[in-house]
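Here the structure comes first, spelled out in structure tokens, and everything after it is commentary.
In this note's numbering, the protein residues as written are 232 to 450.
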């Protein structure tokens, strides 16, 4: 019996790997399908309509929600950068807003935090500030942990469907849940199609030696 188990174990492991990869590719395809819909709609999906009443209402709420995040990013002392989702069987490191990190983390200074904040805290980055208009499963490739003293906020970014969320972790304040995975005291979230290239550039700057991040595409 032991000999038989040893014989079939590699086969079982290979099937598990193939199943894991197939499931991951299926979830990624959901994001690509969503991206295809936005392209069929042309500028409606890819470019925000800043003059619409709905966009202005969303932007007003967005600006109210981001208030404490603005102060944190402006006074940041450092940024820790992590690669998150992966198809490989690497050993995960500490979790970033419930997502395991992989590879070697890097550290950036206050200037990087300001440049990141200028993008992710700007309502004009999003088609619908504070909301997602896509039905895809978020699988962030990159996580930026922005520190201000002992306080921090996580920015998790999915480049497959161009969605992100900014979440603050403050142990003194009860946490609210966003969906089933993201948790934080406040959040800034949305579809960032118009800022895709800017955020890819920052990701590659922060993680220049990571083989997965180096493959991210700019339009």
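C-beta atoms are modelled at their ideal positions from N, C-alpha and C, and glycine is treated no differently.
Ignoring anything shorter than 4 residues, give me the alpha helix (DSSP H) runs that lie fully in the segment 279 to 350, in order along the chain.
284 to 296 and 298 to 305
From residue 359 to residue 290, what does the alpha carbon distance come to, in whole angstroms?
If you number the chain shown from 1, residue 359 lands on position 128. If you number the chain shown from 1, residue 290 lands on position 59. Near 8 angstroms, if we compare the C-alpha coordinates of residue 290 and residue 359.
Locate the alpha helix (DSSP H) running through residue 399, then write down its first and last residues.
Within the chain shown, numbered from 1, the residue matching residue 399 stands at position 168. Careful: residue 399 lies outside any alpha helix (DSSP H), inside the beta strand (DSSP E) at 394 to 400.
Backbone CA spacing between residue 396 and residue 424 [nearest angstrom]:
The residue labelled residue 396 in the question sits at position 165 within the chain shown. The residue labelled residue 424 in the question sits at position 193 within the chain shown. Distance between the alpha carbons of residue 396 and residue 424: 14 angstroms.
Closest to residue 393 by CA distance: which of 377, 384, 429 and 383 is it?
Here residue 393 corresponds to residue number 162 of the chain shown, with the count starting at 1. Nearest C-alpha to residue 393: 429.
If you compare alpha carbons, which of 436, 385, 443 and 449 is closest to residue 456?
With the chain represented from 232 up to 450, any question about residue 456 goes unanswered, as that position is not in the structure.
Own chain partners of residue 301 with C-beta closer than 8 angstroms, once the 5 adjacent residues on each side are dropped
As a working note, residue 301 is residue 70 in the chain shown. For residue 301, where only same-chain residues beyond five positions count, the Cβ hits under 8 angstroms are 348 and 352.
Could you tell me which residues DSSP pairs with residue 375 in its beta bridges?
Within the chain shown, numbered from 1, the residue matching residue 375 stands at position 144. Answer is 312 and 386.
Less than 9 angstroms separating the beta-carbons of residue 315 and residue 370?
By 1-based counting over the chain shown, the position of residue 315 is 84. By 1-based counting over the chain shown, the position of residue 370 is 139. Their beta carbons are under 9 angstroms apart, which means residue 315 touches residue 370 by this criterion.
Have a look at residue 281 and residue 385 and give me their C-alpha separation to the nearest angstrom.
What you label residue 281 is simply residue 50 of the chain shown in a count that begins at 1. What you label residue 385 is simply residue 154 of the chain shown in a count that begins at 1. So the two alpha carbons sit approximately 27 angstroms from each other.
Is the CB-CB distance between residue 309 and residue 378 below 9 angstroms?
Reading the chain shown from its first residue, position 78 is the one you call residue 309. Reading the chain shown from its first residue, position 147 is the one you call residue 378. Yes.
Secondary structure of residue 353, DSSP reduced to three states:
For the purposes of this step, residue 353 is taken as residue 122 along the chain shown, with counting starting at 1. DSSP places residue 353 in coil when its eight states are reduced to three.
Among 295, 374 and 312, which residue has its Cα nearest to the Cα of residue 354?
Here residue 354 corresponds to residue number 123 of the chain shown, with the count starting at 1. Among 295, 374 and 312, the Cα nearest to that of residue 354 is on 295.
Under 9 angstroms, do residue 426 and residue 312 count as touching if we go by C-beta distance?
Working through the chain shown from its first residue, we reach residue 426 at position 195. Working through the chain shown from its first residue, we reach residue 312 at position 81. Not closer than 9 angstroms, so no.
Give a yes or no on whether the C-beta atoms belonging to residue 345 and residue 305 are separated by under 9 angstroms.
To locate residue 345, count along the chain shown from 1; it is residue 114. To locate residue 305, count along the chain shown from 1; it is residue 74. A contact, by the Cβ cut-off of 9 angstroms.
Taking Cβ to Cβ, would you say residue 420 is nearer than 9 angstroms to residue 363?
The residue given as residue 420 occupies position 189 in the chain shown. The residue given as residue 363 occupies position 132 in the chain shown. Contact: yes.
What residues match up with residue 420 in a beta bridge as DSSP calls it?
If you number the chain shown from 1, residue 420 lands on position 189. Answer is 396.
What three-state label does DSSP hand residue 438 in the structure shown?
For this step, residue 438 is matched to residue 207 along the chain shown. DSSP places residue 438 in coil when its eight states are reduced to three.
With DSSP as the reference, label residue 428 as helix, strand or coil.
Working through the chain shown from its first residue, we reach residue 428 at position 197. In the structure shown, residue 428 sits in a helix (DSSP, three-state: H, G or I).
What separation, rounded to the nearest whole angstrom, lies between the Cα atoms of residue 327 and residue 375?
As a working mapping, residue 327 is identified with position 96 in the chain shown. As a working mapping, residue 375 is identified with position 144 in the chain shown. One C-alpha to the other measures close to 8 angstroms.
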